[in-house]
Amino acid sequence: MEAKKRIFSGIQPTNTPHLGNYLGALANWVKLQDEYDCTYSIVDLHSITVRQDPVKLKKQINESYALLLAMGVDPDKSTVFIQSHNCNHAELSWILSCYTQFGELSRMTQFKDKSAKHPENINAGLFTYPVLMAADILAYQADLVPVGIDQKQHLELARNIAQRFNQIYGDVFTMPDAYIPKTGAKVMSLQDPTKKMSKSDENPNASISVLDDRDTIIRKFKRAVTDSDTEVAYREGKDGINNLMSIYSAVTDKTFEEIEKEFAGKGYGDFKLAVGEATADRLAPMQSEFARIIADKAYIQECMKKGAEKAFKTTRKTIQKVYKKVGFLTL
Ligand code: TRP
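In my numbering, the protein residues as written are 2 to 332.
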């Protein structure tokens, strides 16, 4: 039997994921588990490039981890772990930083954006963030990396680093490719449907957290910005309705055609309520699973430990190879 291809992806623990994160990416993580050898990480090391409150961060890391399990990421099938629980990420990151050019990192658009946003804290970690991300990916010899469009430049850099290293030392790293899911809804803001739904939106009605309760979800959809037309139809210029249709389609598996039929002759009010209810229904099983898991500290600990051990074992092999190649002495 051919070995399964390896997938690696990471998510920052800084906020509870929103509906866009879930439908666009995380729901896919769950689906990929049968076909691929998956490793998923809560990337806490990355999160401190922006100042965090330690008490809040600790809670968020724990909850993010529990949420992955609640969504259906299976700790027996996949490797699910907290990045800082595996020291090999930071170790490899140092090595790779010596094979990354200052100029390359200076061109990263996320660095430019983030340093413009936090001029008071342009720390070296913010600058070398993409090297740590390259280390995440290359340490696992990942074949595929599911990433959003905003991370493609970082993945491209990881490929360049891998290629450079391999050119000097021979085949050490697997060349990772971006994994672009066949399906996966792009979810826009409920208040400005020309913008992506974002965790950092100031307007709380613009995004749905995956842990929002049913009433909150329905209320936010009721307030969603639409247009002055009355027809539920997917058409250019109807950004608000198009977004609600994409969401409804993603949570119910209905096609746009079916949705248009279902709401023919009905008003936006009926449609918004239906989208709210369907979204709440879709999230409900995960939410109750989350409530159960978060109360079970021993289970979470056990999963974290198992995940960290698996992650360490896989990545230590890479580190040993790398150390040998660069000429370090083994003890
Ligand atoms: N930088 C990614 C983000 O903010 C998270 C991340 C860290 C990641 N390491 C990764 C994603 C490795 C994919 C692979 O979304």
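Built from N, CA and C at the ideal position, the CB exists for glycine as well.
Predicted model only: the values in this text are computed from it and were never measured.
Closest option to I150, judged by alpha-carbon separation, among D45, Q111, I96: Q111.
Relative to the non-hydrogen atoms of the ligand TRP, the Cβ of V173 never comes closer than 6 Å to any of them. According to the DSSP assignment, S42 belongs to the beta strand (DSSP E) that extends over 38 to 43.
A check of alpha carbon separations from K262 across L274, L27, D77, V233 identifies V233 as the nearest. Closest option to D216, judged by alpha-carbon separation, among K255, D282, S199, G238: D282. Residue burial is scored here from C-beta neighbours: K59 has fewer than 16 other C-beta atoms within 10 angstroms and is therefore classed as exposed.
The DSSP-derived three-state label of Y141 is coil. Bounds of the alpha helix (DSSP H) holding V31 are 28 to 33.
Minimum Cα-Cα distance from A285 among the listed residues L68, S190, S247 corresponds to L68. Short note on I138: C-beta closer than 6 Å to some heavy atom of the ligand TRP. Counting the other Cβ atoms within 10 Å of the Cβ of R236 gives fewer than 16, which makes it exposed.
Sequence-distant partners of F9 (beyond 5 residues in either direction) whose C-beta falls short of 7 Å from its own C-beta, in its chain, are T40, D137, I138, Y141, A143, V146.
Annotated three-state conformation of S10 is strand, per DSSP. Straight-line spacing of the CA atoms in F222 and G277 works out to 6 Å. Assignment of P76 by DSSP, reduced to helix, strand and coil, places it in the coil class.
DSSP, reduced to helix, strand and coil, places I83 within a strand of the structure shown. Secondary structure within the stretch 151 to 230: the beta strand (DSSP E) runs of 3 or more consecutive residues, fully enclosed, are 178 to 180 (chain order). Going by beta carbons, I96 and V323 fall inside the 7 Å limit. A Cβ-Cβ contact shorter than 7 Å links N89 with T316. Judged by beta-carbon spacing, V188 lies beyond the 7 Å limit of G73, meaning their Cβ atoms are not closer than that value.
Between D45 and P14, the CB-CB gap stays under 7 Å.
Contact check for A125 and V148: beta-carbon distance about 23 Å, past the 8 Å limit, so the pair fails to qualify. A residue is called buried once 16 or more other Cβ atoms fall within 10 Å of its Cβ, and F166 is buried on that count.
Taking the Cβ of S10 as the reference point, at least one heavy atom of the ligand TRP falls within a distance shorter than 6 Å.
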